[in-house]
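Data block below; observations after.
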Amino acid sequence: GYLFGEDTGMAQPFYAVGYPITEAYWAEVRVGGTTKWVLIQCFERRCLTYTPDNSAGWQVEAGNVGQHYYRWLQEHDDTPPFDELADDLLQARGLARSANGVVYIAEAGTGGDNCIEVGEGEDPSEACVGFTGRISLWMDGVHTVIADDLPSILTPIGDISGPQDVFATAEGDIFAIIGLGGPPEMRALFPDDEGLHLGWIVQVHDDGSWTPIADVSAYEGTENPDGGPIDSNPYSLVVVEDGFVVSDAGGNALLWVSADGMMIETLAVFETRMAPAPPFLGLPDGTMIPMEAVPTGVVEGSDGAYYVGELTGFPFQQGAARVWRVEADGTATVYAEGFTNIIDVAFDDDGDLLVLEIVAASLLGAEQDPRGRLIHVDKDTMEHTVLLHDGLVFPAGVAVGAGNTIYMTNFAVMPNAQLIVFESPLP
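Residues 840 to 1266 (this note's numbering) make up the sequence shown, in order.
Listed below in structure tokens is the structure:
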């Protein structure tokens, strides 16, 4: 299919942008240093925008839908019920809280200046890499960057991948997972790629240096656990006694990685399901289309099992996302369900699960309501309680501190993301 119609002069083939995730709508945004009204329609991989007084006409925007919703939040929300701790994070993702109360933050960065063209035609996509990813910490009221030269990529579909998650061990060791967002062989296309470790587990040292540990994305290229298209985006990690456990959102799998990085095995594969096609696709009533699992946040429970949230892929069916419980031997069962677009999970001090949704109305409903949602799941009754909704716009990471103090990243797909803190209303 084509976007907006071929008479725009910027018709894009489906593979370049994916399915539409919004209708075309007008929004007031910053363009070239001034505020203008533009027509926007967002798709899985890109947004197209049109500025009426711009002779250039239709523009392919290599960015995220999230940037269009600052004004929405200002117009619809009162003062949010949380405190902002920092507001200068670069595409903030996952969080970790150490035993001494330090909150570590994975910041995906902004890509870089090492660019290649991907695809064919008059308007090929561009991918750009660099070392703008960061790991930072918040302690005693101060936000400090401790490593600022980690790999980052602006992917061909317009997303930013870089440090996606961070883990702090009891001994004080810091590990991070670097995303990719494409086939592993894409990395070889970049000139001068020495030191480029997209798709790797890395260890971050006290002096700000880092050491690559394991090439997680290479496993997708050789093994392809889910049998689908070759695509890897390592997203979340847990450090375990004999190595690491990693979710690959692109590969729809949960992986075990040895401590030395020499061995990788599949723990679980999350299957693709069929979901109703959205009406705007124009397909016959009752048509079902494939919806991938897209595993995101993973956390280890007190029972030694791993709990994994599903973002789900297009059509991002509301209420279809689940939390899986995966035992050490790979046995996977659904632990909780009825969620939408899960981006992270954590356990509170009472052993109850916290589920963070990036958009509660689903990514297809973000135009009408871009807010995320934090949900508490009682371990005994499995009852769902919404803890926070107002003020959350594209959150991405959650971590729990003493007394069930909850830390989250907010506006996470934007260059100036927030670290926020929220006191749970539950006893």
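Backbone N, C-alpha and C define an ideal beta-carbon position, used for all residues, glycine too.
Nearest to Asp1099 by alpha-carbon distance, out of Leu924, Val1055, Asp979, Thr994, is Val1055. Under the 8 Å Cβ criterion, the segment 1040-1056 does not count as touching the segment 1112-1121, having fewer than three qualifying pairs.
If the five residues before and after Leu1192 are omitted, its C-beta is found closer than 8 Å to the C-beta atoms of Tyr1146, Val1162, Tyr1174, Ala1175, Val1184, Ala1185, Phe1186, His1215, Val1216, Lys1218, all from its own chain and listed in chain order. Buried is the label assigned to Val1077, since at least 16 other Cβ atoms lie within 10 Å of its Cβ.
Going by beta carbons, Ala1159 and Val1165 fall outside the 9 Å limit.
DSSP places Gly972 in the uninterrupted beta strand (DSSP E) bounded by 964-978. For the pair Ile1040 and Gly1020, the CB atoms are not nearer than the 9 Å cut-off. Taking the Cβ atoms as the reference, Phe1153 lies roughly 14 Å from Ile1197, outside the contact range of under 8 Å. Taking Pro995 as reference, the option from Glu1131, Leu989, Thr1008, Met1025 with the minimal CA-CA separation is Met1025. Straight-line spacing of the CA atoms in Glu1104 and Asp1065 works out to 13 Å. Looking from the CA of Pro919, the closest CA among Asp1012, Gly1230, Val984, Asp1046 belongs to Gly1230. By the Cβ test, the segment 1233-1253 is in contact with the segment 934-945, since at least three Cβ pairs between them sit closer than 8 Å. Excluding its 5 nearest sequence neighbours in each direction, His1044 has no C-beta neighbour in its own chain below 6 Å.
One alpha carbon belongs to Asp988, the other to Met1221, and they sit about 42 Å apart. Under the DSSP assignment, Gly1060 falls in the alpha helix (DSSP H) whose first and last residues are 1055-1062. In the DSSP assignment, Phe1029 falls outside any beta strand (DSSP E), carrying neither H nor E.
Exclusion of the five residues before and after Ser1086 leaves Tyr1074, Ser1075, Leu1093, Pro1134, Thr1135, Val1137, Val1147 as the residues of its chain whose Cβ lies within less than 7 Å of its Cβ.
Classified as buried, Gln1003 has 16 or more neighbouring CB atoms from the shown chains inside 10 Å of its CB. Beta-carbon to beta-carbon, Ile944 and Val1005 are separated by about 7 Å, close enough to satisfy the 8 Å threshold.
Around Ser1097, the same chain offers Gly1082 as residues with beta carbons nearer than 6 Å, after the five sequence neighbours per side are excluded. In the three-state reduction of the DSSP assignment, Pro990 falls in the strand class. Under the 10 Å beta carbon count, Thr1179 is surrounded by 16 or more other beta carbons and is classified as buried. Val1260 has Asp922, Tyr1246 as its beta-bridge partners, per DSSP. Restricting attention to Thr949, Ala925, Pro1068, Gly940, the CA atom closest to the CA of Pro1254 is found in Thr949. The beta carbons of Asn1072 and Ala1057 sit no closer together than 9 Å. Here Gly1177 carries a strand assignment [DSSP, helix/strand/coil]. A Cβ-Cβ distance of about 11 Å is found for the pair Leu1213 and Val1239, leaving them out of contact under the 8 Å criterion.
Sorting Glu1262, Gly1125, Gly1190, Ala1205 by C-alpha distance to the C-alpha of Phe1155 places Ala1205 at the top. When secondary structure is reduced to three states using DSSP, Leu1106 falls in the strand class.
In the three-state reduction of the DSSP assignment, Gly1001 falls in the coil class, being assigned neither a helical nor a strand state. The three-state secondary structure of Phe1006, taken from DSSP, is strand.
Separation of the CB atoms of Ile1013 and Gly1001 is rounded to 15 Å, and the pair is thereby denied contact status at 8 Å.
Straight through space, the alpha carbons of Gln1042 and Arg973 are spaced by roughly 12 Å. If you draw a straight line from the Cα of Val1260 to the Cα of Gly1121, it comes to about 43 Å.
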